[in-house]
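Participant:
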Amino acid sequence: MFRFAMSSLLVTLMTLTSGCIVEHDRGDRGYHEGYKEGYYDREHHRWWHESAWRDCIENDEHCH
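In my numbering, the protein residues as written are 42 to 105.
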């Protein structure tokens with residue numbers, strides 16, 4: 042009985058703590074919200090540059 046209780050406790054602790062140490066890999070962590078340099082947001086007509094959104098201007102090569 043004691044061995045069963047200890048095994049159950051160990052499995053429970055491993056299950057509950059495993060979520061605390063798993064981290065979602067977002068790739069390049071240098072950019073907020075996971076956007077990469079040059080990402081184009083078609084819906085808002087803007088692009089991501091140097092950790093900030095830049096509005097697209099006429100004939101902007103980054104906005105396509």
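C-beta atoms are modelled at their ideal positions from N, C-alpha and C, and glycine is treated no differently.
Can you have a look at residue 88 and say buried or exposed, based on whether 16 or more other CB atoms are within 10 angstroms of its CB?
Facilitator: By 1-based counting over the sequence shown, the position of residue 88 is 47. Buried, because 16 or more other Cβ atoms sit within 10 Å of the Cβ of residue 88.
Participant: Quick one: what's got a C-beta closer than 6 Å to residue 80's C-beta in the same chain, skipping five residues either side?
Facilitator: Numbered from 1 along the sequence shown, position 39 holds the residue referred to as residue 80. Hits under 6 Å: 89.
Participant: So the candidates are 105, 100 and 77; which of them puts its Cα closest to the Cα of residue 94?
Facilitator: If you number the sequence shown from 1, residue 94 lands on position 53. The option with the nearest alpha carbon to residue 94 is 77.
Participant: Is residue 83 helix, strand or coil by DSSP?
Facilitator: Within the sequence shown, the letter at position 42 stands for residue 83. Of the three classes helix, strand and coil, the one that applies to residue 83 here is coil, per DSSP.
Participant: Between residue 87 and chain D, is the shortest Cβ-Cβ distance under 8 Å, so that the two count as touching?
Facilitator: Checking the listed chains, one finds no chain D in this structure; it contains a single protein chain.
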